[in-house]
């Protein structure tokens, strides 16, 4: 340890590869970006064994000259940069000449490429740093095959995530690139099964619909700002459409997806007065700026871009969000808005579903009693209660006074007034019953299976979490490309809109990076959808039964989301308020 030595070249390459190739998703990202830099309009991605066994990326780009293919896997060899002056004006995804070299140092690599102006192409195979080239007679374009990733770096394999997580990372990396490259068609296959199909889109709005679905698109508004230095445009969500995480916040600088804490901070600053704390707006924002005012040569993976006038860009982001919010608040109800894009990008109308006329009968009170499907009795060992029919305005010593604002039961007991949010209270009871130790939800087969056509991201999230749905009492399966079939659901969800509930469950999966508590999240959603809602008409017997049961068996007087549902005001406190 007391001598300084020069590391062997192959060790240096493996260390450098660690900065570029973090996991299978990094390989896919680098190869797809190379395809786009080559002008590809079609990119196909295939992975086997979550990318560890094999990754194939095929494109119809310009191809690599046969005379240059050996240079492609050499360190710092690139077609995108000729001298140092070019570093000040990077317009391509790649430029460092590190990706293929890094990938080749930790895997087996095969490149098949042919240019349209050449009669034949070349096949390069690199094994342990040794490359051999033969003739290739395929179609114009390039195919890169990566096999046995990290075969010579077992420590890196050890720290990879679960298979499901690695696949999600690959898919998210691909979709993040595809979101900006809307003129390019993409496909994604996992172990021979097609998971993603994205045809070339006419504009960014169409690509957003392809990836996230019409429901999300209908809650986004297009806005733009520009001056002599920059142009910023994007789709931002209305205040009523919020997420549990920042996973729907995307920033692109000159079409390059980047990570920026400043971006998220100034979005939050713009929305802070109109959305609840702990919730996040959705935003897909594109910044076009002179490349000379940016520095993309910060990180080998190029996730971060430095801006020479960060404060100016921060104010552009804030101004864009405020402009969008101001316009949303000024929109008349049921007045559609059409958005005109720049060159060749005419879209619309994109109007929030919340502004559309409510269907006839919406908001009418439900007639199902608590003793029905939605309010199954808890196990006999937990509570013994009288039949509902024998309760008439009182329960467990409570006197029911009525309902306030269609939402709160007002009850009196022991010289105290109790105000109970009946939706949240009912939600708590259902959740506790679903989560009872050692008990799986009782499922019932649907008379008519629910067929759901989903966006690309939602379908993939559902298929990745079939077991989680099963643990919550749902039987779901793949019906066809991007179509899910729901065959059974838990008894407690019998009165719910199954399609809406399952979509909410999928959104929850996509919002949660950690899936170890996904069953609890699912149960909370089922409880929320199954519980009686604000505005429902309740009889005195139903109210008495709910109040009695809550105080008998609920260990926690908060709903599954953590909100309290009981407020107690004592007689003494009330008298002090009136100075008696």
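Numbering (my numbering), first residue to last: 8 to 587. C-beta atoms are modelled at their ideal positions from N, C-alpha and C, and glycine is treated no differently. Nothing here was measured: the structure is a model prediction, and the numbers come from that model.
- The C-beta distance from residue 31 to residue 177 rounds to 6 Å, short enough to meet the 8 Å contact threshold.
- Judged by DSSP in its simplified three-state form, residue 472 adopts coil rather than helix or strand.
- In the pairwise beta carbon analysis, the segment 478-494 is classified as touching the segment 453-463: at least three pairs are separated by under 8 Å.
- For the pair residue 37 and residue 106, the CB atoms are nearer than the 7 Å cut-off.
- DSSP places residue 511 in the uninterrupted alpha helix (DSSP H) bounded by 505-518.
- Note that the C-beta distance between residue 133 and residue 111 is below 7 Å.
- For residue 405, the uninterrupted beta strand (DSSP E) run begins and ends at 405-411, by DSSP.
- Of the residues 51, 117 and 291, the one whose Cα lies closest to the Cα of residue 266 is 291.
- Non-local beta-carbon contacts of residue 81 in its own chain, meaning distances under 7 Å to residues more than five positions away in sequence, involve 108 in chain order.
- Excluding its 5 nearest sequence neighbours in each direction, residue 77 has C-beta neighbours in its own chain below 7 Å: 131, 138 and 140, listed in chain order.
- In this chain, residue 423 is not harboured by any alpha helix (DSSP H); it is covered by the beta strand (DSSP E) spanning 423-428.
- In the three-state reduction of the DSSP assignment, residue 81 falls in the coil class, being assigned neither a helical nor a strand state.
- Three or more beta-carbon pairs separated by less than 8 Å are not found between the segment 508-519 and the segment 546-562, which leaves the two stretches without contact.
- Straight-line spacing of the CA atoms in residue 541 and residue 427 works out to 12 Å.
- Per DSSP, reduced to three states, the secondary structure at residue 27 is helical.
- Only residues of its own chain outside the window of five on either side were considered, and among them 489 and 491 have a CB closer than 7 Å to the CB of residue 466, listed in chain order.
- Remark: C-beta atoms of residue 250 and residue 275 do not approach each other more closely than 7 Å.
- A direct Cα-Cα distance of roughly 35 Å separates residue 263 from residue 486.
- Scanning 429, 566, 129 and 413 for the CA closest to the CA of residue 439 turns up 566.
- Per DSSP, residue 63 is one residue of the beta strand (DSSP E) stretching across 61-66.
- Judged by DSSP secondary structure, residue 420 falls within the beta strand (DSSP E) whose first and last residues are 415-420.
- Taken through DSSP and simplified to helix, strand or coil, residue 526 comes out as helix.
- In this structure, residue 575 lies away from residue 433, with their beta-carbon atoms at least 7 Å apart.
- Rounded to the nearest whole angstrom, the CA to CA distance from residue 116 to residue 151 is 7 Å.
- For residue 562, the CB contacts under 8 Å within the same chain, skipping 5 residues up- and downstream, are 439 in chain order.
- Taking residue 407 as the centre and dropping the five residues before and after it, the same chain places the C-beta of 400, 418, 547, 550 and 551 closer than 6 Å to its C-beta, in chain order.
- From the listed residues 232, 231 and 215, the smallest Cα separation to residue 225 is found for 215.
- Closest in alpha carbon position to residue 75, among 62, 60, 10 and 125, is 125.
- Residue pairing by DSSP places residue 156 opposite no residue, since no beta bridge is assigned to it.
- Relative to residue 242, the option among 279, 234, 324 and 235 whose CA is nearest is 324.
- Residue 47 is not a Cβ neighbour of residue 70, given a cutoff of 7 Å.
- Counting along the chain, residue 137 sits inside the beta strand (DSSP E) bounded by residues 137-143.
- Residue burial annotation: residue 142 is exposed, with fewer than 16 other C-beta atoms found within 10 angstroms of its C-beta.
- With contacts defined by Cβ atoms closer than 7 Å, residue 66 and residue 42 form a contacting pair.
- The three-state secondary structure of residue 255, taken from DSSP, is coil.
- The criterion of a C-beta distance shorter than 7 Å is not satisfied by residue 252 and residue 471.
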